[in-house]
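See structure below.
There are 2 protein chains.
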Amino acid sequence: MFEFLHQKVSETISITDEEFEYAKTLFIPKKLRKKRFLLEDGDPCIYTTFVEKGLLRSFTVDEKGNEHILQFGMHGWWVADLYSFLTGEPSEYNIEALEDSELLLITKSSWDLLLKEVPPFERYFRILIQNNLIATQRRLMGTMTTTAEDRYNKLMQDFPDISQKVPQHMIASYIGVTRETLSRLRSQLATGS
Amino acid sequence: MFEFLHQKVSETISITDEEFEYAKTLFIPKKLRKKRFLLEDGDPCIYTTFVEKGLLRSFTVDEKGNEHILQFGMHGWWVADLYSFLTGEPSEYNIEALEDSELLLITKSSWDLLLKEVPPFERYFRILIQNNLIATQRRLMGTMTTTAEDRYNKLMQDFPDISQKVPQHMIASYIGVTRETLSRLRSQLATGS
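Note that the protein sequences, when read in sequence, are chains A and B.
For what it's worth, our numbering labels the leading residue of the first sequence as 1, then goes sequentially.
For what it's worth, our numbering labels the leading residue of the second sequence as 194, then goes sequentially.
This is the structure in structure tokens:
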């Protein structure tokens, strides 16, 4: 159950078997079926979550009922509302399974313990958060400097199989256009016009 | 010269005087006059920079010549193009002084050494990057879910004196509207209409 986490962690930092054995004791395994929620807005985000199998999404719902997707959580990624996780404040996000998923959850107090007892994890999360920051900065600048077509192409390049896994309205929400605009864009790209 | 950095670091982590004395040897102090550049796009971002005094901005210029501001670097903040700093790839960003500034620069190899030799700095940068990620995620979601007025009010709330320090067209660029839209918005807010 922990092999994939071990593999991903070992790709980033050096860790002894003893340290990883200790880390394992701090995680809570959980299966989450498609369409079920790991977090609902208004609740605090109690866990940060490693996606061992499956696919999650984190999103907000605005006053008009429109969904805005912050992140798709692919297998091998971590998903949380970081602010709520760190502060214990109610979250503005929902986290939902888009496929049947297998997750490893860790609470804030266990996470603090992990960073304290196994310093290489401090480095691991620094690098992970750093990569997430770079990607988020690019996406932010992308909303100012790129077209919807650029953002669509970038998403397809980063996650080639996402169209098979995620309904079109969620892809539209992620790149920040209406479903109609995305549909028009896809036909244009398909016909090369 | 290093008192302010020492103060900011000590607010976040516990560090001994000996560790901080070692850290000091890795920084390069630099004065940068208003309108001078610390980084120009196309060059690699060689340093990550602590702003001891003054004010910087990081921005890109799109194909049409429009500027898009990623970040204002207030005193006590860090500024870099993280991707370019970590990889050595040419940067897409410019970093410019908006006021006469006093900076502490650190190269990638010195930064790596600092994290290796003084592990509390691993924690310091993890927390710093984490806070930056939370702010950037909020700004990204803000571009999708909030109005220009919301984003203007948020900026004024976070940095009450920014209007005295930064020309209006840069504030417009930061919140992602034209100068004309910002001007209209400010008159509406001033008259309470």
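By construction, the Cβ of each residue, glycine as well, lies at the ideal position given by its N, Cα and C atoms.
Mind checking whether residue i and residue j have CB atoms under 8 Å apart?
i: Ile134/A; j: Leu275/B; result: yes
i: Leu26/A; j: Leu113/A; result: yes
i: Tyr93/A; j: Ser58/A; result: yes
i: Gln130/A; j: Ile320/B; result: no
i: Pro120/A; j: Glu19/A; result: yes
i: Ile106/A; j: Leu56/A; result: no
i: Val359/B; j: Phe265/B; result: yes
i: Gly54/A; j: Glu102/A; result: yes
i: Ala387/B; j: Arg229/B; result: This structure does not reach residue 387/B, given that chain B is present from 194 up to 386, and the question cannot be answered.
i: Glu315/B; j: Glu180/A; result: no
i: Phe50/A; j: Leu115/A; result: no
i: Thr60/A; j: Met334/B; result: yes
i: Lys227/B; j: Asp293/B; result: yes
i: His75/A; j: Glu40/A; result: no
i: Thr371/B; j: Thr143/A; result: no
Residue range of the alpha helix (DSSP H) that residue i falls in?
i: Gln303/B; result: According to the sequence as given, residue 303/B is Ser; it is not Gln. 301-310 is the span of the alpha helix (DSSP H), which, as asked, contains Ser303/B.
i: Glu19/A; result: 17-24
i: Tyr276/B; result: 275-280
i: Glu289/B; result: Premise fails: Glu289/B lies in the beta strand (DSSP E), 287-290, not in any alpha helix (DSSP H).
i: Lys203/A; result: Residue 203/A is absent from the structure shown; chain A starts at 1 and stops at 193.
i: Arg229/B; result: First-last for Arg229/B: undefined, no H or E at that position.
i: Lys165/A; result: 162-165
i: Ser91/A; result: Unbroken run through Ser91/A: none, as it is neither H nor E.
i: Glu122/A; result: 120-145
i: Glu180/A; result: 179-191
i: Ser173/A; result: 168-175
Taking the continuous beta strand (DSSP E) assigned at residue i, which residues delimit it?
i: Val51/A; result: 47-53
i: Thr253/B; result: 249-254
i: His68/A; result: 67-73
i: Pro222/B; result: 221-225
i: Phe195/B; result: Taken as a continuous stretch (DSSP letters only), Phe195/B belongs to no beta strand (DSSP E), as it is neither H nor E.
Do residue i and the ligand GTP come close, with the Cβ less than 7 Å from some heavy atom?
i: Pro90/A; result: Questions concerning the ligand GTP fall outside what the structure shown contains, since it holds no ligand whatsoever.
Hey, residue i and residue j are a contact pair by Cβ (cut 8 Å); roughly how many whole angstroms apart?
i: Thr145/A; j: Asp255/B; result: 5 Å
i: Tyr240/B; j: Ala273/B; result: 7 Å
i: Leu375/B; j: Glu342/B; result: No, Leu375/B and Glu342/B are not in contact; Cβ-Cβ is about 10 Å, not under 8 Å.
Distance cutoff 8 Å, beta carbons only. Does residue i sit that close to anything in chain E?
i: Ala23/A; result: Considering every chain present, this structure includes no chain E. Its protein chains are A and B.
Residues of the region 125-153 of chain A in Cβ contact with chain B at a cutoff of 7 Å, in chain order, please. Phe125, Arg126, Ile129, Gln130, Asn132, Leu133, Ile134, Thr136, Gln137, Arg139, Leu140, Met141, Thr143, Met144, Thr145
Can you give me, in chain order, the residues of the region 29-47 of chain A that have a beta carbon less than 7 Å from any beta carbon in chain B? none
Please list, in chain order, the residues of the region 356-384 of chain B that have any C-beta partner in chain A closer than 9 Å. Ser366, Gly369
The region 157-172 of chain A contacting the region 348-367 of chain B, beta-carbon criterion three pairs below 8 Å: no
Along the region 248-279 of chain B, what residues have a CB closer than 7 Å to any CB found in chain A? Thr253, Asp255, His261, Leu263, Leu275, Tyr276
Identify each residue in the region 90-122 of chain A for which the Cβ-Cβ distance to at least one residue of chain B is less than 7 Å, and report them in chain order. Pro119, Glu122
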